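Q: Below is the structure I would like to discuss, written out as structure tokens.
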Amino acid sequence: MIVGPAARTGRLTGDPRFVVKFFVSTPVNLMKSLPHKRVMSLTVPKKILFVDDNPQVLEGLERMFSMLEEPWVLAFSNSGVDALAQLRTQEFDIIVTDVRMPGMSGAQLLQLVQQQYPDIVRIILSGQRDNDAIFRSFNHAHQYLSKPCSARELERVLAHACTLREALLNEHLSYVAEVATLPSVPDIYRQLIDLMADELPPIDRAVRLIKQDVGISVKLLQLANSARLGKREPVYTVEQAVADLGLETVRSLAIADEVFYPLEPESHAVGFNSVDWWRHSMDVSYYTGELLNLEKADREYSAIAKVSGLLHDCGTLLLATQRPADYEQVLAAVTEKGLSLYDAETEVLGVTHAQVGAYYLELREIPPPIVEATGFHHQPSSSPAMKSIFLAALHAADVFTIVKRSAMGSNPFDYLDLPYLKSMGLEAKIPTWLRCCVS
Ligand SMILES: [Fe+2]
Ligand SMILES: [Fe+2]
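Spelled out as structure tokens, the structure:
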């Protein structure tokens with residue numbers, strides 16, 4: 000059994016129901032239910048192209064790989080131009096590049112790779128703590144590593160990248176990798192930009208704003224969790240992410256071109272109500288936290304649950320803004336065939352917003368409990384993870400919040416995953432939980 004980081008630290012343990020056995024499962028399980036064009040196995044050699052203008056770095060990487068167990072096939076390149084020449088003649092699974100190189104930068108190289116070879120996993124291996132250079136590559140890299148990097152860390156990130164590569168070959172999910180950042184709620188975006196124009200913006204106000212926005216929260220959690228910061232413990236909350244990154248980094252991100260951007264009304268599917276979607280995300284975040292407070296969960300645990308609540312429907316925003324025409328077909332299937340949104344997504348898209356959202360978060364190295372909760376918030380009993388009150392609370396808050404808004408009819412029992420709640424002995428809690436969420 001893999002024991003999660005929180006269980007190792009013991010910070011989130013206490014009531015046995017809250018023991019973080021939830022971390023057992025990985026999002027890889029989410030992909031298993033989906034058809035793959037091609038199945039990769041860790042026993043099949045993976046081809047990696049390393050790009051760095053410093054020959055000593057390339058030699059060091061070659062030495063490091065001689066210590067690793069996985070069957071990797073390596074190629075090396077000392078420039079972006081040479082790397083593109085190699086990509087034209089050979090197939091690669093992963094490209095790992097330095098950021099600062101003479102001629103073509105790592106950001107420019109990854110942008111071209113993204114356009115020309117979208118199913119190659121793109122990783123930055125940067126020696127500089129140079130925020131500007133990193134930010135320029137931010138929209139083109141899947142993951143980040145800092146130099147020097149241990150063999151174990153490199154192997155962990157590459158194994159993760161292989162999982163991504165497998166999913167990138169899934170025709171129902173491949174477009175998710177191309178999404179850089181989800182658009183922000185216009186009002187929150189503007190308030191944050193205004194706030195960051197101050198020389199000394201108050202950190203508590205910044206955190207309060209960011210916690211209300213899915214796109215910005217995901218981006219900060221991604222950056223804080225990225226290996227380049229050399230962190231061992233996952234970062235679960237916006238407070239933690241801002242504290243780790245520093246307000247100056249957040250400020251640079253906020254004012255950098257194209258990192259954050261507001262949602263434009265004409266840029267999403269007709270029929271998608273972004274205000275309702277945002278209010279629902281905020282409500283689910285709040286009530287998931289409240290339900291865990293009712294159950295006397297650890298405060299830190301409730302904080303993670305609230306983040307999951309905020310992000311749980313990020314797949315809907317992604318579909319409505321990145322695949323608007325497809326999403327309009329989904330909405331038409333709901334109206335014309337009387338299908339639930341979830342069933343209409345499966346029929347039209349081959350995947351649901353829950354799977355799309357979980358995959359989006361997984362690509363950004365958001366910690367597994369949040370990815371897992373996002374992927375299974377409609378059907379927690381499908382989760383291969385062990386029982387978790389965390390997922391149960393998110394699921395119940397989602398159902399009760401929707402019922403409260405009468406978007407799904409009035410009987411929550413039609414939508415609750417009762418077998419899951421019963422299996423956890425939570426059936427008797429349902430009336431109290433319902434009162435908490437609808438009062
Ligand atoms: Fe949902
Ligand atoms: Fe929802």
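Here numbering that gives the first Met the number 0 is used: position 348 in the sequence shown is 347, and no number is missing along the way.
Using N, Cα and C, we set each Cβ at its ideal position, and we do this for glycine too.
These figures come from a predicted structure and were not determined experimentally.
1) Short of 7 Å in beta carbon distance, which residues of its chain neighbour A319, apart from the five on each side in sequence? Order them along the chain.
2) Considering only heavy atoms of ligand 1 and the C-beta of each residue, which residues fall inside 7 Å, strictly closer?
3) Going by other Cβ atoms of all chains shown within 10 Å of its Cβ, with 16 needed for buried, is E289 buried or exposed?
4) What is the rounded straight-line gap between the Cα of L172 and the Cα of E344?
5) Figure out for me which residue from P367, L244, M100 and V258 has the closest Cα to the Cα of G79.
6) Should R254 be labelled buried (16 or more other beta-carbon atoms within 10 Å of its own) or exposed?
7) From the DSSP output, in three-state form, read off A296 for me.
8) Quick one: which unbroken beta strand (DSSP E) runs of 3-plus residues sit fully inside the stretch 325-370? Chain order, please.
9) Whole angstroms is fine: what's the gap from V402's alpha carbon to V112's?
10) Rounded to the nearest angstrom, what separates K275 and V283 at their Cα positions?
11) Taking A74 as the reference, give the member of L60, H394 and R298 with the closest Cα.
12) Going along the chain, which residues of its own chain have a beta-carbon closer than 7 Å to the beta-carbon of H352, five neighbours each way excluded?
13) Suppose you measure from the CA of T12 to the CA of T373; what does that come to, to the nearest Å?
14) Using DSSP bridges, identify the partner residues of Y235.
15) Go ahead and label E294 buried or exposed: buried means 16 or more other beta carbons lie within 10 angstroms of its beta carbon, across all protein chains shown.
16) Quick one: residues in its chain with C-beta nearer than 8 Å to the C-beta of N174, no 5 flanking neighbours on either side, listed in chain order?
17) What does the alpha-carbon distance come out to for the pair L222 and E335?
18) Contact defined as beta carbons within less than 8 Å: I believe S125 pairs with D92. What is the distance between those atoms, to the nearest angstrom?
19) Considering only DSSP beta bridges, list what Y143 is partnered with.
20) So what does K46 bridge to, in DSSP terms?
21) For V95, write down the residues that DSSP places opposite it in a beta bridge.
22) To the nearest angstrom, report how far apart V184 and P261 are at their CA atoms.
23) Count the other CB atoms, across all protein chains shown, that sit within 10 Å of the CB of M281; report buried if there are 16 or more and exposed otherwise.
A: In short, the structure shows the following:
1) H267, A268, F271 and Y326
2) H311, D312, T315, H352, A353, H376, H377 and D397
3) buried
4) 13 Å
5) M100
6) Checking the sequence, you will find Ile at residue 254 rather than Arg. Exposed, because fewer than 16 other Cβ atoms sit within 10 Å of the Cβ of I254.
7) In the structure shown, A296 falls within a coil segment according to DSSP collapsed to helix, strand and coil.
8) none
9) 45 Å
10) The displayed chain sequence assigns Asp, not Lys, to residue 275. Approximately 12 Å between the Cα atoms of the pair.
11) The alpha carbon of A74 has as its nearest neighbour, out of L60, H394 and R298, the alpha carbon of L60.
12) D312, G314, T315, L318 and E344
13) For T12, the pLDDT reaches just 30, beneath the cut-off of 50, and the residue's location in the model is therefore unreliable, leaving the point undetermined.
14) Bridge partners of Y235: none, in fact.
15) The residue in question, E294, is buried, as its Cβ has 16 or more Cβ neighbours within 10 Å.
16) Checking the sequence, you will find Tyr at residue 174 rather than Asn. Contacts found: Q321 and R322.
17) 42 Å
18) With a Cβ gap of about 21 Å, S125 and D92 do not count as contacting.
19) I123
20) V72
21) Beta-bridge pairing links V95 to F49 and I122.
22) 6 Å
23) buried
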